[in-house]
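Comments concern the structure below.
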Amino acid sequence: MSRYRTTGCYLLLAAIWGTAFMATDVGLADLPPVPFAAVRFDIASVLLFAALAITGSLERPQTRDDYVYVLAGGTLMIGVHHVFLFTGQQYVTGAVAAVLLGLVPVVTPALTKLASSDDTFTANTGVGVVLGFAGVIIIADPDPANLLSSTIGIALVFAAALAFAIPAVVTHDTSPSISFLATQAWLMAIGAVVLHVTVLALPGQSFADASWTPSAVAALLYLAVVAGIGGFLLYFRLLDQLGPIEMSFIEYVIPLFAALAGWLVLDQQVTLATVGGFACILLGFIAAKWTALRAELRRVVEPKTSPPAD
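See the structure below:
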């Protein structure tokens, strides 16, 4: 894949995932958040399992690592993460949610280093975490007169970011034996089960309260098929081309598309607090990843040495 084509695919993925936040806002106008998320992953998992069955590559978890990976990822990364994210987006715009999820690449290495005896929690990691949390506070812009309602959405999306990051710690030393597509199918299926259980457990989250309008159905299909299956397939193709460091920066391109889509379709405005918080979270990511980023920059910028002549 040429560099120009790779860059185009990178921006396409950021646009798909950024627009997904706007689609979530659209769906939440007519659907309760947890049933909305549950049906999204019902559709995505059924389609993935169907594709695996048709191609003869359907696999089930076999090893302990397989089970740890799909259970931890499905429960937290898919289930709990989307309970908090979709509920939080009832209070904040998709652009704000996208910015807050930029905490994931900051929090994940910090949690991993705290939990793993092989990694050291460095000063750079600490600075990154502090800047990331400062960004959250700036975005929240708490109103002392109405502290609860002004921060509840921020708190829920922040919890979603933590729920997404924690499985990386749990699965840090695991190596699934099944294919990536089979892993994703099981993750989504387990996440869907968790979401359906949550629908039954939480008051006010009944499917009976859903209004299946054309806009809600369109948002649901976009999230399940385009942003879900299509987005993940494109992401992992790009990951092979670019590597994890360069792909990490997509978390800071997505909010730009989320803000643009929200403004164009829903007339949502971006506040200075959101911009300032975004800048802090981005700086936090750079601080936390400074050593890896410097090595990556040196690899890209420094000319390759030519082999000696015979």
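Take 1 as the starting number for the sequence shown in full-length UniProt numbering and just add one per residue.
The beta carbon of each residue, even a glycine, is placed where N, CA and C say it ideally should be.
Next on the checklist: Using 8 Å for Cβ pairs, my map puts Ala51 next to Phe257. What's the rounded Cβ distance?
Outcome noted: About 27 Å separates the two Cβ atoms, so there is no contact after all.
Checklist entry - Among residues of its own chain, excluding the 5 on either side of Leu48, which ones have a beta-carbon nearer than 8 Å to its beta-carbon? => result Leu181, Gln184, Ala185, Met188, Ile229
Next on the checklist: If you measure between the beta carbons of Ala287 and Leu131, is that distance less than 8 Å?
Outcome noted: Yes, they are a contact pair.
Checklist entry - Just checking my contact of Leu262 with Met22 at CB under 8 Å: how many whole Å lie between their CB atoms? => result What sits at residue 262 in the sequence shown is Gly, not Leu. At roughly 5 Å, the Cβ-Cβ gap stays under 8 Å, so Gly262 and Met22 are in contact.
Checklist entry - Helix, strand or coil: which one does DSSP assign to Leu202? => result If DSSP states are grouped into helix, strand and coil, Leu202 belongs with coil.
Checklist entry - In chain order, what residues of the same chain have a beta carbon less than 6 Å from the beta carbon of Phe164, not counting five sequence neighbours either side? => result Met77, His81, Val104
Next on the checklist: Are the CB atoms of Thr75 and Ile250 within a distance shorter than 8 Å?
Outcome noted: no
Item to check | Alpha-carbon to alpha-carbon, Ser248 and Arg237 | outcome: 14 Å
Item to check | Distance CB(Ala259)-CB(Thr171) smaller than 8 Å | outcome: no
Checklist entry - By Cβ distance, which residues of its chain are closer than 6 Å to Leu282, with the 5 residues on each side in sequence left out? => result Tyr252
Item to check | Cβ-Cβ distance between Ala279 and Pro35 below 8 Å | outcome: no
Checklist entry - Helix, strand or coil: how does DSSP classify residue 318 here? => result Absent from the model: residue 318. The displayed extent of the chain is 1 to 310, so no value can be given.
Next on the checklist: Excluding the 5 residues flanking Ser57 on each side, which residues of the same chain have their C-beta closer than 8 Å to its C-beta?
Outcome noted: Ser179, Leu181, Ala182
Checklist entry - Which whole-angstrom value is the C-beta distance of Ala37 and Val83, which I expect to be below 8 Å? => result Your pair Ala37 and Val83 checks out as a contact, with CB atoms roughly 7 Å apart and the cut at 8 Å.
Checklist entry - Should Ala208 be labelled buried (16 or more other beta-carbon atoms within 10 Å of its own) or exposed? => result It is exposed - the Cβ of Ala208 has fewer than 16 other Cβ atoms within 10 Å.
Checklist entry - For Leu11, which of helix, strand or coil comes out of DSSP? => result helix
Checklist entry - Can you give the Cα-Cα distance for Gly128 and Arg294, rounded to whole angstroms? => result 15 Å
Item to check | Alpha carbon of Gly27 to alpha carbon of Val217, nearest angstrom | outcome: 8 Å
Item to check | Ser45 beta carbon less than 8 Å from that of Ala161 | outcome: no
Checklist entry - Do you know how far the Cα of Thr291 is from the Cα of Ala29? => result 44 Å
Item to check | Selected residue, minimal CA-CA separation from Val199, among Gly79, Gln90, Leu264, Ala219 | outcome: Gly79
Item to check | Neighbour-count burial assignment, Thr19, 16 or more Cβ in a 10 Å radius | outcome: Classification for Thr19: buried.
Checklist entry - CB-CB under 6 Å to Ala140, same chain, minus the five flanking residues each way: which ones, in chain order? => result Thr151, Ile154
Checklist entry - From which residue to which residue does the alpha helix (DSSP H) around Ile139 run? => result 123-140
Next on the checklist: Out of His196, Leu31, Arg5, which one is the CA nearest neighbour of Phe41?
Outcome noted: His196
Item to check | Val107 - DSSP class collapsed to helix/strand/coil | outcome: In the displayed model, Val107 falls within a helix according to three-state DSSP.
Checklist entry - Among Leu272, Pro176, Val265, which one has its Cα closest to the Cα of Thr63? => result Pro176
Item to check | Straight-line gap, Val169 to Gly284 (C-alpha atoms, nearest Å) | outcome: The straight-line gap from Cα to Cα measures roughly 19 Å.
Checklist entry - What number of angstroms, rounded off, separates the C-alpha of Leu297 from the C-alpha of Gln205? => result 47 Å
Checklist entry - Got a sec: does the ligand COA put a non-hydrogen atom nearer than 7 Å to the Cβ of Gly153? => result Among the components of this structure there are no ligands whatsoever, and the ligand COA is therefore not found.
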